[in-house]
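Numbering (the numbering used here), first residue to last: 1 to 329. Built from N, CA and C at the ideal position, the CB exists for glycine as well. Data block below; observations after.
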Ligand SMILES: [Zn+2]
């Protein structure tokens, strides 16, 4: 059995397993990186390397009692603290300290992990700082954050900093699928953002899936040169778009749809995002010239500027539709 983190954060896992092998683990680390990059998984994996009974090639076996207890969150020497509500309170840090002081075996290594470390209140941070300055015994701290700039400089200066690399597009899609999204929605979301949290937030917008399906049929009508595409804007699209944010989302999706056309034209089908349109796109691309496809994409890339200039959104989308119908005729 192999932990996924060994693939997604290859450099860091091998760095830490080497450190542990050489008995060089420091007192405090700050692991920073966007949501979904595996900060918690990495910290737990490192704890497993430290405690595993049968490490293989300096990697945890994932099968022994120690590995399993760490994975399940009930290992006495590995304590995880996370925000309660909006913050990590001083009592939580006090609890952490007491957990570590009551343990009998002095020489045993202990590890604590603070998730969302930037959410510590000022008094929690100060209490932790004292702990980092005078650790009781062999303690290693992992502070995890996606907003390192919000941490007290005094805390940062106590830690060794490691930045986790962003997920590749494929890793992000895989994570989204694991969270229950379809591959198609995962692909669309991964084209819009590189953060798992942001992707989830976008998907939770009211009408998100409806919006996708309306835009997909709009794009199909446009390239089929069906004038109904124009009517679609007012009758089906606008009722779903109320805020400036939603307008921006629509524009991004329209650009992605036209980008798909270009990809099909240049035989890069594997990169296509809205694959439900693929068959029609392929048919049409036998007829359309490269010039037409480039013009269409160029036109759509110009939409954000128009929306910024506060020209009415309906107006922008309707004019764009008319121009597209013209380009494809
Ligand atoms: Zn093990």
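Whole angstroms is fine: what's the gap from residue i's alpha carbon to residue j's?
i, j, result
"residue 70", "residue 45", "9 Å"
"residue 156", "residue 30", "7 Å"
"residue 118", "residue 149", "8 Å"
"residue 258", "residue 200", "24 Å"
"residue 37", "residue 167", "6 Å"
"residue 308", "residue 169", "28 Å"
"residue 292", "residue 311", "26 Å"
"residue 9", "residue 296", "40 Å"
"residue 142", "residue 16", "12 Å"
"residue 239", "residue 264", "31 Å"
"residue 91", "residue 274", "49 Å"
"residue 23", "residue 58", "12 Å"
"residue 244", "residue 231", "21 Å"
"residue 75", "residue 132", "21 Å"
"residue 206", "residue 241", "10 Å"
"residue 261", "residue 247", "22 Å"
"residue 226", "residue 181", "32 Å"
"residue 306", "residue 179", "36 Å"
"residue 236", "residue 64", "57 Å"
"residue 191", "residue 165", "18 Å"
"residue 326", "residue 223", "10 Å"
"residue 80", "residue 189", "30 Å"
"residue 154", "residue 129", "8 Å"
"residue 127", "residue 12", "29 Å"
"residue 55", "residue 6", "14 Å"
"residue 139", "residue 68", "21 Å"
"residue 125", "residue 72", "27 Å"
"residue 272", "residue 322", "24 Å"
Looking at the strands, I want to know which residues DSSP matches up with residue i.
i, result
"residue 56", "59"
"residue 143", "30 and 114"
"residue 241", "The partner list for residue 241 (beta bridge, DSSP) is empty, contrary to what the question assumes."
"residue 79", "112"
Closer than 6 Å by C-beta to residue i: which residues in its own chain qualify, once you throw out the five before and the five after it? Chain order, please.
i, result
"residue 186", "173, 176 and 177"
"residue 300", "254, 255 and 258"
"residue 146", "34 and 35"
"residue 193", "199"
"residue 66", "51, 52 and 53"
"residue 87", "119 and 121"
"residue 196", "35, 36 and 175"
"residue 43", "113 and 142"
"residue 313", "247"
"residue 280", "220"
"residue 329", "225"
"residue 99", "79"
State the start and end residues of the unbroken alpha helix (DSSP H) segment that holds residue i.
i, result
"residue 287", "Note, residue 287: premise wrong, no alpha helix (DSSP H); not H, not E."
"residue 323", "313-327"
"residue 14", "10-21"
"residue 35", "From DSSP, residue 35 is part of no alpha helix (DSSP H); its letter is neither H nor E."
"residue 49", "39-51"
"residue 68", "65-72"
"residue 231", "228-232"
"residue 303", "303-308"
"residue 153", "153-156"
Got a sec? Which residues, its chain only, sit under 8 Å from residue i by beta carbon, not counting five neighbours each side?
i, result
"residue 106", "Reliability fails at residue 106, whose pLDDT of 49 lies under 50, so the model's placement of it is uncertain and the value that follows must be treated cautiously. Counting only Cβ-Cβ distances below 8 Å, and skipping sequence neighbours, we find 137."
"residue 160", "26, 28, 29 and 30"
"residue 77", "51, 103, 108, 109, 110 and 111"
"residue 20", "46, 49, 50 and 58"
"residue 277", "216, 219, 220, 257 and 260"
"residue 287", "none"
"residue 320", "254, 299, 300 and 303"
"residue 82", "88, 114, 115 and 116"
Leaving out the 5 sequence neighbours to the left and right, which residues in its chain are closer than 7 Å to residue i when beta-carbon positions are compared?
i, result
"residue 228", "221"
"residue 290", "265"
"residue 316", "303, 306 and 307"
"residue 39", "31, 33, 144 and 164"
"residue 61", "52, 54, 55 and 67"
"residue 234", "314"
"residue 152", "125"
Compare the C-beta of residue i with all C-beta atoms of chain D and state if any pair is closer than 8 Å.
i, result
"residue 13", "No chain D appears in the structure shown, which is made up of a single protein chain."
Segments of 4+ residues assigned as alpha helix (DSSP H) that fall wholly inside the stretch 161-209: Fully enclosed alpha helix (DSSP H) runs of 4 or longer: 169-178, 183-192 and 196-203.
Contiguous alpha helix (DSSP H) assignments of at least 4 residues, all confined to the stretch 81-136: Here the runs fully enclosed are 90-102 and 122-133.
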